[in-house]
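Protein chains in written order, with full-length UniProt numbering: chain A, 1 to 431; chain B, 1 to 390.
The C-beta atom is built at its ideal place from N, Cα and C for all residues, glycine as well.
Please read the structure below before turning to the comments.
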C-alpha cells in the first residue's frame, strides 16, 4: 500500500503553523484513497492529522475530540502531572511514575559483562549515540539539558539466578524476580558521582556462557520479544544473548560485536516510556505515523511540554506558599536581598507562564515556567534559611531567672525602701 | 566477586517455581500487586548516631547494624546518608581495631569492609542534620552528603543516642527538640521530599520525639515511652563497654530473618522486643500514616524493591541514516582552563551593599532596668556626691 498519507503529510507540512502546541486537522472526503481502508484518522509526525469525513458534523466533532485527546492533553494527563499535589486516594499509587520535570537529565549507558573469559564484548557506543541517540536528544533539547556517558562493567552479576527451562533449553528470568535484579548492580553503577540531575541508567547485560541464552518471562510465562524491562524513574535493562558458536571447540573468549541498532531501538523506546510517551491506548481507527530516527513526533513533544509546564507552575506555587508559611511561623528568619529578588522573579515568571498558557503560547509558557522553577528552588533551598530558633518557654525561664533574680533582689528591696520613705515624707513633719 | 549471588538465598530460588502456581491460582494477593500498592519508586535511609566518646560504643553499633541490614536488603550507598558522631572502629581504646561488634561473643562485625560514612565526627551537628533533611545545603556539598529524595521516595530515618523528654542530645553539646524535628518533617512534606517516612528512635524516653509530628505519611517507632529509660543489652568484658542497646539488638535479630522478597509487614516489627525482653515499653505511632500497617512491607522501607515493567514497545530506527549533524551548539570542550568550583560566593559578598546598621533605641526591658539602677543609685548616694564620683 503506497504511503499516500505520508507524502500528503510531508507536502502539507510547510503550509502549517509550526508553533508549539498547535494542531492542524485536514478533512478528506470519505472515499479518498489517501487513508488506508478502515482507518479514519491518520496522525502525522508533525502537528497535523488527516481525518476522513463521513457521518456528518457530529461524528466529525467526536473524532476531533478524540484527536485532541490523543495529540494534545487530557484531564487525566494533566492531573497525573499534578499527582503529588492531588490527594493520593483519587489517583491510585502508580498514577505518576514518569520522570519529574527537571532542568536536566543525565543518561548513562552501561555494558555489563559478567563473564569476560568467555565473551569479549565490543560495543561502539560513541557511534551509536551520535547516530541514534543524539537526534532524539536534540528533539528533546527544548525540554531539558541532556548529558550522556557510558561505561563497561566487568564481573557485574545480576542479583538473581535464572532457572533452566528444559523445553526451550534456555534460561528464564521470571517477572517476579526482576525487581531484585537491579539492586546489586546499582551499587557499582557509579551514578552517585555525577551531576545533581536525575540519572537514567540503561544497562545492556550479556549473560554468562553458562547461563546463555537468557530470556525474560512476562507474567503469563511467555518470553518477552524485546528481552528488556524498565523501572520507572530509574532506567532500563536489556539482555543481549550471544549466539552459541556452531562448533563446541572454539577458542575463548568469543568476540562479540553488539548490534547497536537493535539495542538502541529498545533503549530509546524505554526512554520514551520513562518520559511517559506511550502509544498503546488508541482507538482502533487511528493510525499513527512512526517518527523514525527522531524518536518522537512533534505532537508528542507538545504533550510533554504541556504536562511539564503545568507541573512546573504547580511546583512554583507550592514552593512559594510553603516559603511564605515558614516565614509567617518563624518571624525572625533573615531574608537576604538575593533570596528576595529570586522570590520576586519567581512570582513574575509564574504569572507570565500562566498568562501565556491561557493564551495558548506553549513555547513561551514553558520557558517562563522553567525560569519560575529555577528561581523558586533557589529561593527555597537557600542555605541561609535554616531556622534553629525554637526556644520552649520553660527554657527561657530556666536561663533568665538565675541571672536576673539575684540582681533583682536588692533593686526590689531598695524600691520598697524608696516607697516607704516617700510615704513618710508625705506626712508633714512636726516640729 | 560472588558475594552478589549470596544476597539472594536459596529459598528465593525454590519459591520462584512455586510462587507462580499458588499466586495465580489463588488470584488474590499477587506478588506484583502487593508491592505496587505503596507507590514509591526509590528508597533512602538517613542513619544518625549522635553520641561521641568510647563509652557510647553501643550507639555506633546500633547505627551500623541498621546500616548493615539496609544495605543487605538492597539500598545502595548512594541512597544512604550515614552520620556517625565518633569513630569506634579505629578508636585507640578498641582492643579489636577496625571492628564494631554487636554481640558479646564477637559474632557479628557490623563494621564490615565497605562502610561509607557520609558525616563523621564533628560534622554530625543539629544544623547539618536539619540541612540534610530540608535540603538547604550549600552548593559545594558533594552528592554523597545530600538527601536527593523526591515525591516517590520512601525514607527510613533512624536516630540513636542519649535523649530525654522532648529532646535528643547531639555530641554532648547541643540538642534537637521534638518541635524542630516535626517542623523539619513538615518542610520536607511541603516540598514533597518523601512519599512515606519511617522514623525509628532508640533513646531514653524516645516516644517523646514523635509526639509532635503533624505531617502526613509518617510512621514512628520508639524504644521507650516517656518516663522510661532504654537499656543496653550486654557488656563485653573483652572490649569493656556495652555493645548494643536492647531494642536495636532485637530489631537486628528480626531484620536478619528478612530477605528482599519477604512479605513480612510492619505489625511484626511493632511486636519486636516486648517488655519482658526490653524492660522498657516500645511505642509506635501510625495515625499519620495513610495505609494500614498490615499492608506495609518491611522491605518498603528497609529494602529497595524496584517496580519494574516489561518493555513491550520498540521504535524502529533507520539503520542506514547518515551520521546526524547535531543542530545544537556543541559545548566548548576544554578550551578554557579548569578551575575550582566557587566555594565562597565572592560575587554575592562584593555586590551586596554594606548593611547599614540602623541604630535602634534600647528596648523597654533594658531601659527599665537601667532606669531602676540609676534611680536606686541616686537615692542611695544622693545627687550631691555625684561630683566626687565623676
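Under 9 Å between C-beta atoms of residue i and residue j
i             : j             : result
residue 187/B : residue 376/A : no
residue 313/A : residue 369/A : yes
residue 319/A : residue 346/A : yes
residue 226/A : residue 157/B : no
residue 150/A : residue 129/A : yes
residue 36/A  : residue 287/A : yes
residue 251/B : residue 66/B  : yes
residue 85/B  : residue 46/B  : no
residue 82/A  : residue 363/A : no
residue 98/A  : residue 366/A : no
residue 341/B : residue 285/B : no
residue 314/B : residue 266/A : yes
residue 82/B  : residue 264/A : no
Closest by C-alpha distance to residue i, when choosing among the options
i             : options                       : result
residue 69/A  : 328/A, 249/A and 300/A        : 300/A
residue 184/A : 367/B, 72/B, 347/B and 272/B  : 72/B
residue 237/A : 205/A, 186/A and 48/A         : 205/A
residue 214/B : 184/B, 70/B, 120/B and 231/B  : 184/B
residue 136/B : 225/B, 193/B, 289/B and 275/B : 193/B
residue 180/A : 176/B, 259/B and 233/B        : 259/B
residue 292/B : 266/B, 284/B and 317/B        : 266/B
residue 380/A : 61/B, 190/B and 108/B         : 190/B
residue 395/A : 166/B, 131/B, 85/B and 84/B   : 166/B
residue 206/B : 129/B, 161/B and 105/B        : 161/B
residue 253/A : 25/A, 104/A, 18/A and 119/A   : 119/A
residue 181/B : 132/B, 313/B and 115/B        : 132/B
residue 26/A  : 40/A, 146/A and 351/A         : 40/A
residue 66/A  : 422/A, 49/A and 152/A         : 49/A
residue 344/B : 140/B, 268/B and 153/B        : 140/B
residue 216/B : 289/B, 172/B, 75/B and 253/B  : 289/B
Under the three-state DSSP convention, the category residue i falls into
i             : result
residue 28/B  : Bear in mind that a pLDDT of 35 at residue 28/B, under 50, signals an unreliable position, so the number given afterwards is only what the model happens to contain. Coil at residue 28/B, not helix or strand.
residue 172/A : strand
residue 240/B : coil
residue 90/B  : coil
residue 360/B : coil
residue 102/B : coil
residue 151/A : strand
residue 52/A  : strand
residue 416/A : helix
residue 7/B   : At residue 7/B, the pLDDT of 34 sits below 50, so the modelled position is not reliable and the matter cannot be decided from this model.
residue 122/B : helix
residue 432/A : Because chain A in this structure spans residues 1 to 431, residue 432/A falls outside the shown range and cannot be described.
residue 228/A : strand
residue 278/B : helix
residue 367/B : helix
residue 120/A : strand
residue 382/B : coil
residue 455/B : Absent from the model: residue 455/B. The displayed extent of chain B is 1 to 390, so no value can be given.
residue 169/B : strand
residue 200/B : strand
residue 111/A : strand
residue 109/B : strand
residue 57/B  : helix
residue 6/A   : helix
residue 155/B : strand
residue 217/B : coil
Any non-hydrogen atom of the ligand FMN closer than 8 Å to residue i Cβ
i             : result
residue 282/A : This structure does not include the ligand FMN; it has no bound ligands of any sort.
| task | State whether the stretch 301–311 of chain A contacts the stretch 336–350 of chain A, with contact taken as three or more CB pairs (one from each stretch) at a distance under 8 Å. | result | no
| request: Determine contact between the stretch 242–255 of chain B and the stretch 187–197 of chain B, defined as no fewer than three beta-carbon pairs at a distance below 8 Å. | output: no
| query | Do the stretch 158–165 of chain A and the stretch 130–137 of chain A make contact, defined as three or more Cβ pairs closer than 8 Å? | reply | Not touching, per the Cβ criterion.
| Mind listing which residues of the stretch 36–68 of chain A have their C-beta closer than 8 Å to chain B's C-betas, in chain order? | none
| field | Where the stretch 285–316 of chain B meets chain A: residues whose CB sits under 9 Å from a CB there | value | 290, 303, 304, 305, 306, 307, 308, 309, 310, 311, 312, 313, 314, 315 and 316
| Inter-stretch contact at 8 Å, needing at least 3 Cβ pairs: the stretch 211–227 of chain B / the stretch 269–280 of chain B | yes
| request: Using a Cβ-Cβ cut-off of less than 8 Å, give me the residues of the stretch 266–295 of chain A that come near chain B, in sequence order. | output: 266, 268, 269, 270, 272, 273, 278, 279, 280, 290, 291, 292, 293 and 295
| Near-chain B residues of the stretch 248–264 of chain A (beta-carbon distance less than 7 Å), N- to C-terminal order | 261 and 264
| task | Anything in the stretch 318–337 of chain A with a Cβ closer than 9 Å to a Cβ of chain B? List those residues in chain order, please. | result | Those residues of the stretch 318–337 of chain A placed with their C-beta closer than 9 Å to a C-beta in chain B are 318, 319, 321, 322, 323, 325, 326, 329, 330, 336 and 337, ordered along the chain.
| query | What residues from the stretch 118–136 of chain B come within 8 Å of chain A, judged by C-beta to C-beta, listed N to C? | reply | From the stretch 118–136 of chain B, only 126, 127, 130, 131, 134, 135 and 136 have a Cβ closer than 8 Å to chain A.
| query | Are three or more beta carbon pairs between the stretch 290–307 of chain A and the stretch 266–275 of chain A nearer than 8 Å? | reply | yes
| said: What are the residues in the stretch 224–252 of chain B lying within 8 Å of chain A by C-beta distance? | reply: none
| task | Scan the stretch 209–230 of chain A for residues whose Cβ lies nearer than 8 Å to a Cβ of chain B and list them as they occur along the chain. | result | 216, 218, 219, 221, 224, 225, 226, 228, 229 and 230
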